[in-house]
Amino acid sequence: MSNRFDRRSFMRISGSGVLAAGLAGPLTACGGSESGSSGSNELIWWDYLVEEARQPGIKALIADIEKQVGVKITRRSFPFAELEPAIIKGAASGDLPDIAIVDNTSMNSFVPQGLLTDLTDRVKEWGQSKAYYEGPWNSGVIDGKTYSVPNNSNCLCLYYNTEMLEAAGVEPPKTWDELAEAAKKLTKGDTFGFAMSAIKTEEGVFQFEPFLWSTGGDLDTFGTDGAKALGFLKELVDAGSMSKQSVGWTQQDANTQFVSGRAAMQINGPWQLPALQEQTKVKWGVVPIPIDKEPASCLGGENWVILKTSGKADQCWKAIVRSQEKTVLAKYLDGLGLLPARSDMADAGKWASDPTLKVFVQEFANARPRSYGPNYPQMSQAMAEALQASLTGSSSPQAAARKAASAITPKLKK
Amino acid sequence: MSLQVKAREPLKAVEKTETVRRGRSLAVRRTRAGYVMSAPALLFLGATMLFPLAYNFWTSVHDVAIGDLLTGDWQFSGADNYDSVASEGAFWHAVRVSLVFTAGSLFFQFTIGFALALLFVKTFPLAGLFRSLMLVAWLLPPIVSGTLFRWMLDADAGAYNELLRLVGLDSLAHNWLTDPSTALPGVIAANIWVGVPFNMLLLLVGLQSIDPTLYEAAEIDGAGPWQRLRHITVPMMKPVAAAVLLLGLIYTFKVFDLVFVLTGGGPVDSTRVLPLYVYEIAFKLFQLGRGAAAGTLLLVIPLIVAIVYVRRLRKEGAT
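Residue numbers (my numbering), protein chains in the order written: chain A, 85 to 498; chain B, 1449 to 1767.
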C-alpha cells in the first residue's frame, strides 16, 4: 500500500516540477523598480567604480560637485560587466540615471540606440575639447556629433620582469621579431616568456587589436592583416613561449601569471600598477607594445554621458564641467589611480613623475579608440572567435581571419 | 506493471462511492472554493511566469533595439527574428552542443546516481553521513562548483593534471578547458558531478518505496540478487526513472551559469550551449528581438518533453 501512495505523490510533485522547470525561460529578466528622480535638483548617477580603494576619491568628487553645482547626487554603482545590461534593462523599465560614467566602447551601442544626450553645442560653448587627446575624445564623437566627455584613459603596454630579462641577457623588445626571440629565450621550466589575455570577450579583443593595427591594417583589411597578427601570436604559442591557457585568461589572470613569476612578459594596462607596486616578489618595468610596422595600442577608459531621458541635462552638464576642472580632476585621478584623458595635464599629477605611468601617458599618442559604430559588438565577437580558433589550432590563422573578415566586412559598410 | 494496476483498483472504488454519497451541490461548492483558494497561486504564476513569457514572445516578433525600449516604438517583424536565428549556423551549432551536453550529462548522472542509490538503500555504518555529504555538490552554487572545476582542470596548476603526473601518466596531462576537443567533455564532467546527488536522491526515494515483501517473496522463490534487480527493482523503478530523466533533461538543457563560469562558451564556440547563445545575442550584441526569438526556441525542446511527460502522467492516473 505504502508503495503505491508514495509513487503517486512523488509523480505529482515531479510533474509540477517539470512544468515549472520547463516554463522558467532564461530571458525572463525584466521589470525593475520605479525609482526615477524626485527632487528638481536631485541627480541620479551610475558608474562601475566599485573597488573599495576608489570609494573615498569618488565620494570626495561627489561632495565637491554637490557643493559647487548645488545638486543632490544619488549614486549607484555596478560591477563592470553589469552596468551596460543595467542600462538596457533600465531603458525597458524607464529606470535610468541622469548621468553616468561608462566604458568608452559602450558609446558604440548607446549612441545609435538613442540613449544619450547630444552635447555638441554645450561642448562648443565650453571650448575645451582641444585639451583632450584625440583618441579618447573621438570615442564620443559619432557622425560629427559629440555625446560624451572622456574622464580618464588607459591603454596597453608591455610589462617585463627585469630580473628574468637580465638573467637571460635580453633587452626589452621593441619589434615583433625581438618579442618572439625574447619570449623564446625567457621560456624556461614553468615560466612562459609571454602572457596576454585572449579570452573570448571584448577583453581579449582589446588585447589583440594593437597587434592588428601594428601591421598597418584595420578591421577592413582583417582577411590579410588580421591573418598576419593572428599568425604571429600563433607562432608564439607553437614555440611554447605563450601558454595555450591564455584563451581562457582575463587580463587579471595574465597579471597573476606575471606576478607569480610564471610569465616573464605580459601585455596589460595601468590598472595593474597599484597591485604591482604593492608586491615585492617580482621587479618589473614597462615599455610600449612591440611593433610590426606602426606603433599601436588600444585605448580604454571611461566617458561621462548624460542620458536622454534625463530632464536635467543642464545640471548634469555643470557637474561634468566641474569634474573636468584641472585641480578637481587631478585630485580625482590621483586618488583612483587613473590616467588623464587631457593632454594639458600630462605634467600635472602623479603620472608626471612616476616613470612607469609616464610610459602609459606617452603611449596615448598611439592609442586608438574602438569607434566602429553600432555593429562593433558583432565585429568584436568575430575577432574573439578568430583569435581563439587560431591559438587553439582549431583552424589556421588564414582561415580564421577569412571567416572573421566575412563577418566583419558587411557590418563595416552599414 | 500488471501488479501495479491490480493493486490500484480497490482505492478507486472507494473514491467513487464517496463522491456519490456527498452529492452534487457539495461538489460545486468545493470547486468554487478551490478556485478562490488557488487564486493567489495563479496570480503569482501569472505575474512571474506567464507575463514574462508572453512579453518575451511579444519581443520576439518585433525588431527591438535598446533605444526602441525607450521610445516604445517597436516595429512588428513577424517571424523575421525566428528566420534569422534559424538560418544562422551558430544557432544549430549551439543546439548540437546543447544536445551533446544534455545527453552526456544525463547518461552519467543517471547511471552513477542509480549505482549510488543502490548502495545507499542498504544500511551500513555512516551511510547517513555519506549520503548527506554527497548532497554538498548539489547544494553548492554553480558559480562555486564552476570555479572549483576551473581550477581543477587548469592545465598548469590543476589538480587533475597534478594527479596524472603523480601516477606517472604525464602524457595524459592536458589543457582540458582550453582545447576545443576536450572543453565540452570537461564541462560535462563538472555538470555530472553537480547532478549525481540529485539523481541519487530521487532514485533512492524510489528504491525505498518498493515494497520489501516483494523481495522477500522473490527470495523465497529462489531469485538471486541479479534476478531481483532485473525483475523487481528495474520494472518498479521505471516511472521514477522516467521522472528523474525528464526533470534532469529539462534542468540540464537550460544550464547557463556553470558553463559561463567554466569556459564562457569557448574556446571558440566549442561549449556554447543554447542558453549561452541566447545570452550573447541579447546582452552582448544587444539584438533584443532576435535574443527573445532564440529564447523562445530554447524553450521548445524542454516544453515538448514536459508536455509529453505530463500527458503520460495523466494517462497513468486514469488507468
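C-beta atoms are modelled at their ideal positions from N, C-alpha and C, and glycine is treated no differently.
Endpoints, the alpha helix (DSSP H) within which residue i is located
{"i": "GLY1654/B", "result": "1628–1656"}
{"i": "TYR1663/B", "result": "1660–1668"}
{"i": "ASN236/A", "result": "Careful: ASN236/A lies outside any alpha helix (DSSP H), inside the beta strand (DSSP E) at 233–239."}
{"i": "SER437/A", "result": "434–437"}
{"i": "VAL289/A", "result": "286–298"}
{"i": "ILE1591/B", "result": "1590–1600"}
{"i": "ALA170/A", "result": "164–177"}
{"i": "VAL254/A", "result": "Counting along the chain, VAL254/A falls outside any alpha helix (DSSP H), and DSSP gives it neither H nor E."}
{"i": "PRO196/A", "result": "Looking at the DSSP string, PRO196/A is not in any alpha helix (DSSP H), and its letter there is neither H nor E."}
{"i": "ARG1579/B", "result": "1575–1587"}
{"i": "TYR216/A", "result": "It is not in any alpha helix (DSSP H) - TYR216/A carries neither H nor E in the DSSP assignment."}
{"i": "TRP1624/B", "result": "Looking at the DSSP string, TRP1624/B is not in any alpha helix (DSSP H), and its letter there is neither H nor E."}
{"i": "ARG1613/B", "result": "1607–1614"}
{"i": "ILE146/A", "result": "139–149"}
Bounding residues of the beta strand (DSSP E) (the contiguous stretch that carries residue i)
{"i": "SER161/A", "result": "156–161"}
{"i": "GLU1536/B", "result": "No beta strand (DSSP E) contains GLU1536/B, which DSSP labels as neither H nor E."}
{"i": "ASP131/A", "result": "126–131"}
{"i": "SER350/A", "result": "Here residue 350/A turns out to be Gln, not Ser, going by the sequence shown. Note, GLN350/A: beta strand (DSSP E), 347–352."}
{"i": "GLY315/A", "result": "No beta strand (DSSP E) contains GLY315/A, which is instead part of the alpha helix (DSSP H) from 311–322."}
{"i": "ALA1495/B", "result": "From DSSP, ALA1495/B is part of no beta strand (DSSP E); its letter is neither H nor E."}
{"i": "ALA184/A", "result": "183–187"}
C-alpha distance - residue i paired with residue j, whole-angstrom precision
{"i": "LEU1547/B", "j": "LEU200/A", "result": "42 Å"}
{"i": "PRO140/A", "j": "TYR1530/B", "result": "49 Å"}
{"i": "SER164/A", "j": "TYR132/A", "result": "The residue asked about is misnamed: residue 164/A is Phe in this sequence, not Ser. Distance between the alpha carbons of PHE164/A and TYR132/A: 5 Å."}
{"i": "GLU262/A", "j": "ARG426/A", "result": "33 Å"}
{"i": "ASP1717/B", "j": "ARG486/A", "result": "17 Å"}
{"i": "LEU203/A", "j": "ASN1647/B", "result": "59 Å"}
{"i": "ILE1698/B", "j": "ALA1754/B", "result": "8 Å"}
{"i": "TYR1757/B", "j": "ALA1691/B", "result": "8 Å"}
{"i": "GLU409/A", "j": "LYS1732/B", "result": "35 Å"}
{"i": "ALA338/A", "j": "ASP274/A", "result": "14 Å"}
{"i": "ILE492/A", "j": "ILE149/A", "result": "43 Å"}
{"i": "ARG1760/B", "j": "LYS312/A", "result": "59 Å"}
{"i": "ALA175/A", "j": "PRO1573/B", "result": "59 Å"}
{"i": "PRO1500/B", "j": "PRO458/A", "result": "28 Å"}
{"i": "GLY1606/B", "j": "ASP1627/B", "result": "15 Å"}
{"i": "ILE404/A", "j": "ASP322/A", "result": "49 Å"}
{"i": "TYR1727/B", "j": "SER437/A", "result": "45 Å"}
{"i": "VAL207/A", "j": "MET463/A", "result": "30 Å"}
{"i": "LEU1518/B", "j": "TRP388/A", "result": "20 Å"}
{"i": "GLY1670/B", "j": "ALA1542/B", "result": "52 Å"}
{"i": "VAL343/A", "j": "THR189/A", "result": "28 Å"}
{"i": "PHE1568/B", "j": "LYS1686/B", "result": "19 Å"}
{"i": "LYS229/A", "j": "PRO294/A", "result": "26 Å"}
{"i": "SER122/A", "j": "LYS151/A", "result": "Only weak support is given to the placement of SER122/A: the predicted model assigns it a pLDDT of 49, under 50, and the value that follows is read from those uncertain coordinates. Whole-angstrom Cα-Cα distance: 19 Å."}
{"i": "LEU303/A", "j": "THR476/A", "result": "22 Å"}
{"i": "GLY219/A", "j": "ILE1560/B", "result": "57 Å"}
{"i": "ALA488/A", "j": "ASN352/A", "result": "25 Å"}
{"i": "GLY300/A", "j": "ILE226/A", "result": "23 Å"}
Buried/exposed call for residue i, threshold 16 Cβ in 10 Å
{"i": "GLU1667/B", "result": "exposed"}
{"i": "GLN361/A", "result": "exposed"}
{"i": "ASN1609/B", "result": "buried"}
{"i": "LYS1702/B", "result": "buried"}
{"i": "SER1629/B", "result": "exposed"}
{"i": "LYS365/A", "result": "exposed"}
{"i": "LEU314/A", "result": "buried"}
{"i": "MET1485/B", "result": "exposed"}
{"i": "ILE1591/B", "result": "exposed"}
{"i": "LYS272/A", "result": "exposed"}
{"i": "ASN125/A", "result": "exposed"}
Bridge partner(s) assigned by DSSP for residue i
{"i": "GLY385/A", "result": "SER237/A"}
{"i": "MET326/A", "result": "PHE278/A"}
{"i": "GLY369/A", "result": "TYR244/A"}
{"i": "GLN1523/B", "result": "ASP1511/B"}
{"i": "LEU496/A", "result": "Beta-bridge pairing links LEU496/A to no other residue."}
{"i": "ILE226/A", "result": "LYS229/A"}
{"i": "THR259/A", "result": "ILE375/A"}
Check: residue i C-beta below 7 Å from any heavy atom of the ligand COA
{"i": "VAL195/A", "result": "Of the ligands one can find in the structure shown there are none, so the ligand COA has no counterpart to examine."}
Only counting runs of 4 or more residues, tell me where the alpha helix (DSSP H) segments fall wholly within the segment 1713–1766 of chain B, in order along the chain.
List check, alpha helix (DSSP H) in window: 1722–1731, 1736–1766.
Where are the alpha helix (DSSP H) runs, 4 residues long or more, that stay fully inside the segment 1672–1704 of chain B, in chain order?
When DSSP assignments are scanned along the segment 1672–1704 of chain B, the uninterrupted stretches of alpha helix (DSSP H) that are 4 or more residues long and fall wholly within it turn out to be 1673–1676, 1682–1701.
Enumerated in chain order, which unbroken segments of the alpha helix (DSSP H) with a length of 4 residues or greater are wholly contained in the segment 388–428 of chain A?
With a minimum length of 4 residues, the continuous alpha helix (DSSP H) runs that stay inside the segment 388–428 of chain A are 397–407, 410–420.
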